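Asker:
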Amino acid sequence: MKVLTLFVQILFFILIFFVGQQISQSLNLPIPGSIVGFGLLFLLLHLKVIKLNWVERAGNLLVGELLLFFIPAVVGLINYGDVLKSFGLQILIVITISTIVVMALTGMMAESISKRKEVSNE
1 MKVLTLFVQI LFFILIFFVG QQISQSLNLP IPGSIVGFGL LFLLLHLKVI KLNWVERAGN
61 LLVGELLLFF IPAVVGLINY GDVLKSFGLQ ILIVITISTI VVMALTGMMA ESISKRKEVS
121 NE
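Just so we're aligned, residue 1 is where the sequence shown starts under the UniProt record's numbering, counting upward by one.
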């Protein structure tokens, strides 16, 4: 039964992805359909149209195996050896700076949420 539940939850994520793709294409949005799908999933969860436990197991599994989703992209870099030779240092600098910015903003958001929870618990 657990495998079937997990399978259905993953199918739901795939459905959300395809709906996001359709919305993005239909409205000619400059945003990828996967991002629209994420926004749609967030909206459905926030408005309590769907419950977190309906998708939580599959979400945890997919996040746990997230590294596997990057392998095809990294292998694809082999085709761009010339680009990496020419712009490798610049790309590395941009990746480093953007990683630091994301980490700092994530820390600030986590701190802000933690302070809000402390205030609401008082």
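Every residue gets a Cβ at the ideal spot worked out from N, C-alpha and C, and that includes glycine. Because the structure is a prediction, the values reported are computed rather than measured.
1. Using the Cα positions of F70 and N79, report the straight-line distance between them to the nearest angstrom.
2. For V19, tell me which candidate among M1, L68, S34 has the shortest Cα-Cα distance.
3. How far does the alpha helix (DSSP H) with M103 in it reach, from first residue to last?
4. Assign K2 to one of three DSSP states: helix, strand, or coil.
5. Are the stretch 39-54 and the stretch 79-88 touching, with three or more C-beta to C-beta distances below 8 Å?
6. Quick one, are the C-beta atoms of V55 and F13 less than 8 Å apart?
7. Short check: CB of T96 to CB of R57, under 8 Å?
8. Just how far apart, CA to CA, sit L92 and I100?
9. Got a sec? Which residues, its chain only, sit under 6 Å from Q22 by beta carbon, not counting five neighbours each side?
Answerer: Taking the coordinates as given:
1. Going from the Cα of F70 to the Cα of N79 covers about 16 Å.
2. Nearest of M1, L68, S34 to V19, Cα basis: S34.
3. Counting along the chain, the alpha helix (DSSP H) containing M103 begins and ends at 81-121.
4. Note: K2 maps to helix in three-state DSSP.
5. No, because fewer than three Cβ pairs between the stretch 39-54 and the stretch 79-88 fall closer than 8 Å, the two stretches do not touch.
6. Cβ distance < 8 Å, so V55 and F13 count as in contact.
7. Taking 8 Å as the cut-off, the Cβ atoms of T96 and R57 do not count as close.
8. When rounded, the separation of the alpha-carbon atoms in L92 and I100 is 12 Å.
9. Counting only Cβ-Cβ distances below 6 Å, and skipping sequence neighbours, we find nothing.
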